[in-house]
Every structure is written in C-alpha cells, then in structure tokens.
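S.K.: Chains A and B, in that order, are what the protein sequence lines are.
The UniProt record's numbering puts the first residue of the first sequence at 1, with every later residue one more than the last.
The UniProt record's numbering puts the first residue of the second sequence at 1, with every later residue one more than the last.
All C-beta atoms, glycine included, are put in the ideal place defined by N, C-alpha and C.
Number of protein chains: 2
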Amino acid sequence: MKAEIVTPKKSIAEYKQYDKFLLAVDCIIFGFDGEQLKALFIKRAFEPGLGKWSLMGGFVKHEEGVEEAAQRILNQLTGLSNIYMEQLSCFGEVDRDPGGRVVSIAYFALINITDYGDELMKEHNAKWFDLKKVPNLIFDHKKMVTLAKERLQQKVANHPIGFALLPYKFTLRQLQSLYEAIYETTIDKRNFTRKILDIGILNKLDEKEKESSKKGSFYYVFDEKKYRQLDKEGMKLI
Amino acid sequence: MKAEIVTPKKSIAEYKQYDKFLLAVDCIIFGFDGEQLKALFIKRAFEPGLGKWSLMGGFVKHEEGVEEAAQRILNQLTGLSNIYMEQLSCFGEVDRDPGGRVVSIAYFALINITDYGDELMKEHNAKWFDLKKVPNLIFDHKKMVTLAKERLQQKVANHPIGFALLPYKFTLRQLQSLYEAIYETTIDKRNFTRKILDIGILNKLDEKEKESSKKGSFYYVFDEKKYRQLDKEGMKLI
DNA sequence: ACAAAAGTGTTGTCTGTACACCCATGC
DNA sequence: GCATGGGTGTACAGACAACACTTTTGT
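1. Ends of the alpha helix (DSSP H) at residue 240 of chain B?
2. Tell me, please, whether the CB atom of A/His141 is closer than 7 Å to any CB atom in chain B?
3. Along chain B, in chain order, which residues have C-beta atoms closer than 7 Å to that of A/Lys20?
4. Report yes or no: is there a C-beta of chain B within less than 7 Å of the C-beta of A/Gln87?
5. Identify every run of the beta strand (DSSP E) within the stretch 183–219 of chain B, keeping only runs that are complete inside it and at least 3 residues long; order them along the chain.
6. Helix or strand or just coil, what does DSSP make of B/Lys127?
7. Grab the span of the beta strand (DSSP E) containing A/Lys38 for me, first residue to last.
8. Counting contacts by CB-CB distance shorter than 7 Å, is A/Gly65 in contact with chain B?
9. May I ask you to list, following chain order, the residues of the stretch 78–112 of chain A that have a beta carbon less than 9 Å from some beta carbon of chain B?
10. Which residues in chain B sit within 7 Å of A/His159, going by Cβ to Cβ distance?
11. What's the call for A/Phe21, buried or exposed, on a 16-neighbour Cβ count within 10 Å?
12. Which residues, in chain order, does the stretch 42–65 of chain A contribute to contact with chain B at a C-beta distance below 8 Å?
13. I'd like to know whether the C-beta of A/Tyr15 is nearer than 7 Å to at least one C-beta of chain B.
14. Could you spell out the range, first to last residue, of the beta strand (DSSP E) harbouring B/Glu86?
15. Can you tell me where the beta strand (DSSP E) holding B/Tyr227 begins and where it ends?
16. Tell me whether A/Lys9 sits in a helix, a strand or coil according to DSSP, three-state version.
17. Once DSSP output is grouped into helix, strand and coil, what is the label at B/Tyr179?
18. Alpha carbon to alpha carbon, how far is B/Leu230 from A/Leu205?
19. With distances taken from CA atoms, which of B/Leu172, B/Leu40, B/Leu88 and B/Arg228 is nearest B/Val159?
20. Under the rule that 16 or more other beta-carbon atoms within 10 Å means buried, what is residue 266 of chain B, buried or exposed?
21. The alpha helix (DSSP H) that contains A/Val103, what's its start and end?
22. Would you kindly work out how many angstroms separate the C-alpha atoms of A/Asp26 and A/Cys90, rounded to a whole number?
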C-alpha cells in the first residue's frame, strides 16, 4: 500500500550505482540544389570507420544540453547558426558502434545549400549526396538517413519548414521542384500554385528571376508573420 | 583536401576522453477506461522527488540496448510483455534532474487498462490519471506527457494502434469513445461507423455486449492480417 | 408501454485532381 | 518569328460533414 513496503528508499548518491554512457549527436543535414534533395556526409577522419562516409557528429559534453550539443556540432561543421534542426530519434543498440558503447541522438537539419561554403567542405572532407544515391555509411547511419527522410516528408506536409532549404527569395517553380524532390513525385503546376498561394504565407516580390527562362518568374518570400498565425495547428501544405 | 591535413587521426582509445552520462528511460503509459484517456503515474519512492508523482522509469544498463531497457522497465512495472511502445524523444537539458546529469529517453506505451492488475498498482504506488487532470509531475515529466499525447493523436490518425488500448473484442461504440477521448471531440456515430468499417480491418463477431444497453451491440475484433496489407503506407483513419 | 442505446442513408459542400492554352521574352 | 518556361481557370469526382428516425429489449 505504501511505497516503503516494496521499494527501498534511495538517496541521490545511489544514482552512482548506475551505468554511464557515451552520448553522441549525429546530424542528417539536408540541402536542395534546385533539382535533387541532398544530404551532407563526411569522410571520417578517425577510427573506427576511418575513410568511410559518415554523418556529421560529435560527442555531447557534460556541461551542455543535448540540443545545445547538436547546435554546437552543426555550427562547427557548417559555420552556420540558427539552423533549422529537429530531433529525430535516439539510437541505442548495444553494438551500434564498434568503438564502444555509444548512444547516439540523431538530429536532422535543413540548410540552404549555397550557404555551405567550399572551404568548410574541403576542410571536413564533406560531400553532398543525392538522396537516391546514398553511399555506404558507417554503423547505423543509413538507418538514420532513411528515417530522417521519412520524417522530413511527414513534417513538410503540414509545416512550411521546406523554406529553410531555399534561398531567401525563390520562385514558385523552385518551391515546386523542392516538393517534387522531397516526395519523389511530380505535381501539377496549376494545382500547386493555387494551393500554396491560398495558404497565404508567401509574398510576391516585384523582382523576377531571369536565369532559367526568358520570360522570367517572380520571386516570392516566405512571410514569417503570417506563418506564425497559422503555425500552431499545422496547415495542410501538400 | 585530405582528411589528414586538418583532422588528426584518433584511436578508439580516444573515445575515453569524452564525457559519460546516466541514461534513463521514462514511460508514458496510456490506458482507456471506456470514457477517458488515462495515463499511469507512480508515487516516487526515492529522492530526488520522493513522494511526488512521476512517470515510470529506470536506468539503462550497460549490457542492454535502449529499446530493450524500455521493454524491461515496462515489463517490471506492469507485468506485461509485448506492449505497444514507441520512442517519443530524448530529453537532455543539463538541469532536468536535480539528482544529477541524467539524459532521459521517453517512450510512450499503450496498454489495455484492465490488464494492469491491482496488486502491481499497489506494489508500485501507481495510479491512473485522467489526461485532462494530470497532477504535478517531477522534473520535465509533464512536458513528456504533453508531447506524448500530441504524438498519440498524430499517430492514431493514420495507424490503428488505438486497438492496443482496448480489449480483444470491443464494440464500435467503445472504439468511437476511444477516438473521442484521444481527440477530445465528439464524432458522428454514422460517419464514424461507415468510415471505420470501410477501412476493412474489423471483423464482426456474432456475439453481443449486453452490459451497456438493452439491445446490445455487436463485438468486433481487429483483423491483423488485413491490417498488415494496409499498414505500410499508413491509412486514413480519422 | 417506455426508456435507452444500437443501428442505419441521403444530401450538400468542400477538396483534390486532371487537364490545355496564351503570355512574355531572348535569341 | 520561334523556342522556352511562366502563368492561369474549369469541370468532374471523391471525401467529408450534417442530419433523424426505426429497432431491440429489459424493466
């Protein structure tokens, strides 16, 4: 009836009896090159798995939160801050890392692919891979990538996070290409335009993009204020 | 250009330089009493937080995977195995547990409320709480519960996991009540019946439930085979 | 006979989808 | 003047939401 009968009281000191673990953060970084959805992998510079492709990652430090750690690692490797980032899942199989018992918390991040400079690319031996052509990755990283892609698809259907993958201003065609890449499908131009504009989170600029067509297509920007009004419940985007 | 230039090689031994953490598992256990969606909390039997309401939890052991740990803890506390369980999120704020730096992986689980016996209830000082009347919980457990409820709502819209909250055979009214409780809404009886039967994962029995009405209402059972055919993509349930 | 819950169909509205032509411009 | 991608409207079909009466049976 009372707790004392069965479960012995324990003091804070007794936390010490429990096992401790190395905690890693691994980041699936998505980018979009205008045609394909890409992920960023690095050639691993240390054992185990030296020379193999791997997600960007690092170890959590004692004095930082797990979320902070992910931000720090993303920042270290991309030079970017305020990256859109979301926790994916925690991977804790006993043998997932041959180098030791490491529990990894996977995050996925969305960046504008042009923000990631060549210097950092070379410095970290990083490379963008088409998501349809993911190379062999160490440990359980491929599982992480697969899961991340699924989550991105789910999320992007109801939340306009996809904009994080595009430049500040973009055309409706670029946005459509992005959704087509994420869902590996084709979308009718008219239906897409109507739906996305009806949501009311895009502002049309006077300016046109003139690279990819003679007529030129209008730039739009994402309207964060209008977005915030709608965000809470999620909106139907696709 | 090559990894060696910038990043020094590291040996496995160097994993040792990184910090280690206590890893906990906390479980949000949902149940349904026919009217309300409930969650199971226990009165904590040790410090910190002795005597306060808390989620069921425990520490991960070195020789087990995180998922295994969650199953073990659920089994210890409920006596049940093969519980429907899903990882929710990892909580890793530095100060989340005043007893030490503990990173917690939250799982949510669905059980048939009648499977959880009185003895275990007393043994662990556990109690079912209406989800609309969650008591104060230790640490960040309330955040976990809130998130778990949101995830349950999302998940249940496309996957028939709700059946895990019901007995083997149930009436359409019970099933409807469950959905009404999960979404805190009311549903039209005719629309609900039509939709759920159209999906084709329920089998009608000849038997009637006679407790709650004079006419009696037919029992149905969940058809796992039919379900598996549809599962992959998820189905629209609500 | 009546109270209490079970069961069952139809209609209007909305949402999604399919589909084709003209427009503006650079070459 | 023609080739290229940009922009726009309509019609049909399926999904969803609103709505009320009859059935069964225990008391």
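M.R.: Considering the structure as presented:
1. Outside the displayed span of chain B (1 to 238) sits residue 240 of chain B, for which this structure offers no information.
2. False, the Cβ-Cβ gap to chain B never drops below 7 Å.
3. Using a Cβ-Cβ cut-off of 7 Å, A/Lys20 is close to Lys20, Phe21 and Leu22 of chain B, given in chain order.
4. It does: the Cβ of A/Gln87 has a partner Cβ on chain B nearer than 7 Å.
5. Counting only runs of 3 or more, we get 202–209.
6. B/Lys127 carries a strand assignment under DSSP once its states are collapsed to helix, strand and coil.
7. Boundaries of the beta strand (DSSP E) around A/Lys38: Leu37 to Lys43.
8. Closer than 7 Å to the CB of A/Gly65 there is at least one CB belonging to chain B.
9. For the stretch 78–112 of chain A, residues whose beta-carbon sits nearer than 9 Å to a beta-carbon of chain B comprise Gln87, Ser89, Cys90, Phe91, Gly92, Glu93, Val94, Asp95, Arg96, Asp97, Pro98, Gly99, Gly100, Arg101, Val102, Val103 and Ile105.
10. For A/His159, there are no C-beta contacts with chain B under 7 Å, since the nearest C-beta of that chain is about 12 Å from it.
11. Counting the other Cβ atoms within 10 Å of the Cβ of A/Phe21 gives 16 or more, which makes it buried.
12. Correct list: Lys43, Arg44, Ala45, Phe46, Glu47, Pro48, Leu50, Gly51, Phe59, Val60, Lys61, His62, Glu63, Glu64 and Gly65.
13. For A/Tyr15, the answer is yes, since a Cβ of chain B falls inside 7 Å of its Cβ.
14. Tyr84 to Phe91 is the extent of the beta strand (DSSP E) around B/Glu86.
15. In the DSSP assignment, B/Tyr227 falls outside any beta strand (DSSP E) and lies within the alpha helix (DSSP H) extending over Glu224 to Asp231.
16. Only weak support exists for where A/Lys9 lies, its pLDDT of 43 falling under 50; the coordinates are left without a value.
17. Helix.
18. Taking the straight line from one Cα to the other gives about 45 Å.
19. According to the sequence shown, residue 159 of chain B is His rather than Val. Looking at the Cα atoms, B/Arg228 is the closest of the given residues.
20. Because chain B here runs from 1 to 238, residue 266 of chain B falls outside it and cannot be looked at.
21. Note, A/Val103: premise wrong, no alpha helix (DSSP H); beta strand (DSSP E) at Val102 to Leu110.
22. Going by the C-alpha atoms only, they are around 10 Å apart.
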